[in-house]
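So in the UniProt record's numbering, spot 79 of the sequence shown is number 79, and the numbers just go up one at a time. Beta carbons are placed, not taken as given, at the ideal position from N, Cα and C, and that holds for glycine. Note that the structure is predicted; figures quoted are calculated from it, not measured.
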Amino acid sequence: MIRKGLKATSSPDRVISYLAEPSRSKGRGGVRQPVRPDLPVLPPEDAPEDTVLAQRVRESLNGDGRLEVGSIGVGARDGVIVLQGRVPREFQRSLANALAEKVPGTLNVENQIMVVGE
Numbered sequence: 001m002i003r004k005g006l007k008a009t010s011s012p013d014r015v016i017s018y019l020a021e022p023s024r025s026k027g028r029g030g031v032r033q034p035v036r037p038d039l040p041v042l043p044p045e046d047a048p049e050d051t052v053l054a055q056r057v058r059e060s061l062n063g064d065g066r067l068e069v070g071s072i073g074v075g076a077r078d079g080v081i082v083l084q085g086r087v088p089r090e091f092q093r094s095l096a097n098a099l100a101e102k103v104p105g106t107l108n109v110e111n112q113i114m115v116v117g118e
């Protein structure tokens, strides 16, 4: 349905529709909402190389003392840490994840560690 005299306007970051939900505030019979595209998450320019980041995560896991680090593999890809291996308890799986998240430069952790035991 198109009504004369009503129009939709847009700019790069704002879309205003005068035909949308009249019950909302700040609209002349419509809604004014900013529309923002999902921006890609990129590592910071000063982010460490993946090999350095993976080594820092290994050191963090080794330094804690509550993990058998020999059974956990650590990899990194564009700031994303990948943990693989097997541990006897869920606590150790969660701990490895938490320690990896705290290492500066880590954007995300893919925890593929399997719990065998418990």
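Going by C-alpha positions, residue 46 is about 17 Å away from residue 57. Of the other Cβ atoms in all chains shown, fewer than 16 fall within 10 Å of the Cβ of residue 39; this residue is therefore exposed. Where residue 47 is concerned, there is no enclosing beta strand (DSSP E), because DSSP gives it neither an H nor an E.
Taking every protein chain shown into account, the CB of residue 93 has 16 or more other CB atoms within 10 angstroms, so this residue is buried. Using a Cβ distance threshold of 9 Å, residue 81 and residue 98 do not count as a contacting pair. For residue 39, there is no enclosing alpha helix (DSSP H), since its DSSP letter is neither H nor E. One Cα belongs to residue 68, the other to residue 88, and the distance between them is close to 9 Å. Counting every other CB atom within 10 Å of its CB across the protein chains shown gives residue 103 a total of 16 or more, marking it as buried. Distance from the CA of residue 114 to the CA of residue 90, rounded to the nearest whole angstrom, comes to 9 Å.
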